[in-house]
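**Student:** Using the numbering used here, the first residue of the sequence shown is number 1284, and each one after it goes up by one.
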Amino acid sequence: MEPMTMLVLAFQLLALFSIAGALLIYLICKVREDSASASADSQPSRVVLVTSADTALGLQLCTHLANKGCRVFAGMKEAHDSLPAKLLCGWMKIREYSEEPIAGTIIPMRLDVTREDVLREATVSMGAHLNADERGIAAVINTSGSVFRGKVESQDVQQWEHMLKTNILGTLRVAKAFVGFLRPTRGRLLYLGGGGGGGEATRTGGDGLVAFNASRVAVDKCAEELRKELQPYGVSVVALDTCGMTAESLYKAPVAQTVSSTAGAPTQYTADVLSPGALQVIERALWDFAPQQRYPLLSHNKYQFTLPCRSSLRLQRPVASSAGESATQSV
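Quick look at the structure:
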């Protein structure tokens, strides 16, 4: 073979290998980009809606999840002048001056499960607060509800109507209003399950709670049917079994204590709060890869204690162990 022919052939082979190398580098970079994008998309959303922070239970959930790094939409009937709104406002202010700021945050939002117009406004407000790359939220925890105790023969019929409207229709309205935020993320709808007829019914026979226990059974049935309807969309409907908890503790509002005369002193309140173990159960219900249909909050606890809570006093550093979780919430 002539030298000139060999030189031309060598240049052709060099060009061929260069093209092949460039193509290989491009494919490697493309695969890495797709992998990074898929990894980002697979990260679970940390945005949660708690439908009622007007209750002590809902208020505790808001602050606990924010302590865990979630962005929490806190629904309340009055998002500015109510006690829960003031407690959350104090919590958010004090966290700004903490030495170890908490990764999560709380966004107060007006929400009333008995009013269609307010629910529509809430969906618009929540959509406006989502980032451009957020397709939806991780979960909706329905803590809204009401309870009135009394004998059927003497109880006001308006109390029955209020419980049925809030507990049963409220459950359906919440699903209707916010399921659009759960479909894109294959999120979860959590509600306070009755544990077979309303938590306290298993111990007292439903004394004075006929209408309430009836509403709780209906809520469980609503959730069962919602589970079937939403399953094709990947949305899980999960019950937080409240068996063992008193009916009043589920929807009791936080009670303000005497506020110190010292300027800038935190507002204090008392409430029936969940134990650290129960809070861990709720975390499992939120983040388990394959959630169960029902999670018992008090599977081994026989008693529910009333514990003091403080607003805006200090922020405690979250700890990994359950023993390190304090039952006192800083809100």
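Note that CB positions come from ideal geometry on N, CA and C, so glycine has one too.
What separation, rounded to the nearest whole angstrom, lies between the Cα atoms of arginine 1403 and leucine 1307?
**Tutor:** When rounded, the distance between both Cα atoms is 52 angstroms.
**Student:** At the level of alpha carbons, what is the spacing between alanine 1536 and valine 1333?
**Tutor:** Taking the straight line joining both Cα atoms gives about 15 angstroms.
**Student:** Assuming contact is defined by CB atoms lying nearer than 8 angstroms, are leucine 1465 and cysteine 1526 in contact in what I supplied?
**Tutor:** Cβ atoms of leucine 1465 and cysteine 1526: not closer than 8 angstroms.
**Student:** Quick one, which of Leu1348, Glu1531 and Lys1504 has its alpha-carbon nearest glycine 1433's?
**Tutor:** Nearest C-alpha to glycine 1433: Glu1531.
**Student:** Using the C-alpha atoms, what's the distance from isoleucine 1311 back to serine 1301?
**Tutor:** Whole-angstrom Cα-Cα distance: 15 angstroms.
**Student:** Let me check understanding here. Comparing Cα to Cα, which of Ala1298, Thr1288, Lys1504 and Val1331 lies closest to glycine 1470?
**Tutor:** Closest option to glycine 1470, Cα to Cα, is Val1331.
**Student:** If you reduce the DSSP assignment to three classes, tell me which class arginine 1456 lands in.
**Tutor:** In this structure, arginine 1456 counts as helix in the three-state DSSP scheme.
**Student:** Given a threshold of 16 other Cβ atoms within 10 Å of its Cβ, counted over all protein chains shown, does valine 1435 qualify as buried or as exposed?
**Tutor:** Answer is exposed; the Cβ neighbour count stays below 16.
**Student:** When we look at the beta-carbon of proline 1286 and count the other beta-carbons within 10 Å, is it buried (16 or more) or exposed?
**Tutor:** The residue is exposed, with fewer than 16 neighbouring Cβ atoms inside 10 Å.
**Student:** Count the C-beta pairs between the stretch 1452-1462 and the stretch 1493-1513 that are closer than 8 angstroms, then say yes if the count reaches three, no if not.
**Tutor:** Yes: the two stretches touch, three or more of their Cβ pairs being nearer than 8 angstroms.
**Student:** Should leucine 1475 and leucine 1523 be called a contact, given that it needs their Cβ atoms to be closer than 8 angstroms?
**Tutor:** Contact flag set, yes.
**Student:** Would you say cysteine 1345 and alanine 1339 are within 8 angstroms of each other, going by their C-beta atoms?
**Tutor:** Cβ atoms of cysteine 1345 and alanine 1339: not closer than 8 angstroms.
**Student:** Return helix, strand or coil for alanine 1610, following the three-state DSSP convention.
**Tutor:** With a pLDDT of only 32 at alanine 1610, under 50, the local geometry of the prediction cannot be trusted, and the value read off the model is given with reservation. It is coil, neither helix nor strand.
**Student:** Where do the ends of the alpha helix (DSSP H) carrying alanine 1349 lie?
**Tutor:** 1339-1350 is the span of the alpha helix (DSSP H), which, as asked, contains alanine 1349.
**Student:** Among the candidates Ala1415, Asp1490, Glu1399 and Ser1408, whose CA atom is the shortest distance from the CA of leucine 1459?
**Tutor:** First, the amino acid is wrong: residue 1459 is lysine here, not leucine. It is Glu1399 whose Cα lies nearest to the Cα of lysine 1459.
**Student:** Give the single residue among Val1314, Asp1439, Ala1421 and Ser1427 whose Cα lies nearest to the Cα of glutamate 1566.
**Tutor:** For the residues Val1314, Asp1439, Ala1421 and Ser1427, the minimum Cα distance to glutamate 1566 belongs to Ala1421.
**Student:** Going by the beta-carbon positions, is the gap between alanine 1501 and methionine 1446 smaller than 8 angstroms?
**Tutor:** No. Outside cutoff.
**Student:** Would arginine 1510 and glycine 1477 qualify as a contact pair, given that the criterion is a beta-carbon distance under 8 angstroms?
**Tutor:** No, these two residues do not count as a Cβ contact at 8 angstroms.
**Student:** What is the rounded straight-line gap between the Cα of proline 1391 and the Cα of alanine 1362?
**Tutor:** If I take the Cα positions, the gap works out to 6 angstroms.
**Student:** From Ala1411, His1347, Gly1410 and Phe1572, pick the residue whose C-alpha is nearest to that of glycine 1387; which is it?
**Tutor:** When each option's Cα is compared against that of glycine 1387, the closest is His1347.
**Student:** Helix, strand or coil for glycine 1410 per DSSP?
**Tutor:** In the structure shown, glycine 1410 sits in a helix (DSSP, three-state: H, G or I).
**Student:** Please classify threonine 1449: is it buried, with 16 or more other beta-carbons within 10 angstroms of its beta-carbon, or exposed?
**Tutor:** Looking at its Cβ environment, which holds 16 or more other Cβ atoms inside 10 Å, threonine 1449 is buried.
**Student:** Starting from phenylalanine 1495, trace the alpha helix (DSSP H) both ways and give me its first and last residue.
**Tutor:** Here the alpha helix (DSSP H) through phenylalanine 1495 covers 1493-1513.
**Student:** Can you tell me whether DSSP reads arginine 1567 as helix, strand or coil?
**Tutor:** Helix, per DSSP.
**Student:** Alpha carbon to alpha carbon, what distance is there between leucine 1473 and isoleucine 1424?
**Tutor:** Each residue's alpha carbon lies about 5 angstroms from the other.
**Student:** From the DSSP output, in three-state form, read off alanine 1368 for me.
**Tutor:** Helix, per DSSP.
**Student:** Here's the rule I'm using: 16 or more other beta-carbon atoms within 10 Å means buried, otherwise exposed. How should arginine 1329 be labelled?
**Tutor:** By the 10 Å Cβ count, arginine 1329 comes out buried.
**Student:** If I'm right that methionine 1359 touches alanine 1368 with Cβ under 8 angstroms, what's the distance once you round it to whole angstroms?
**Tutor:** Confirmed, about 6 angstroms.
**Student:** Output needed for phenylalanine 1491: all residues of its chain with C-beta closer than 7 angstroms, excluding positions within five of it in sequence on either side, in chain order.
**Tutor:** Residue identity check: residue 1491 is glycine in the sequence provided, not phenylalanine. Result list for glycine 1491: Arg1432, Gly1433 and Lys1434, in chain order.
**Student:** Give the DSSP-derived three-state secondary structure of threonine 1288 in the structure shown.
**Tutor:** Threonine 1288 falls in the helix class under three-state DSSP.
**Student:** From the DSSP output, which residues share a beta bridge with arginine 1471?
**Tutor:** Beta-bridge pairing links arginine 1471 to Ala1422 and Ser1519.
**Student:** Could you tell me the boundaries of the beta strand (DSSP E) in which alanine 1357 lies?
**Tutor:** 1354-1359 is the extent of the beta strand (DSSP E) around alanine 1357.
**Student:** Drop a sphere of 10 angstroms on the beta-carbon of alanine 1411, count the other beta-carbons inside from all chains shown, and report buried for 16 or more, exposed for fewer.
**Tutor:** By the neighbour-count rule (16 or more Cβ atoms within 10 Å), alanine 1411 is not buried but exposed.
**Student:** Under 8 angstroms between the Cβ atoms of valine 1430 and tyrosine 1516?
**Tutor:** It is not a contact, given that the beta carbons lie outside the stated cut-off.
**Student:** Could you check how far apart the C-beta atoms of alanine 1568 and valine 1521 are, in whole angstroms? I think they sit under 8 angstroms.
**Tutor:** Yes, they are in contact, since the Cβ atoms of alanine 1568 and valine 1521 sit about 5 angstroms apart, within 8 angstroms.
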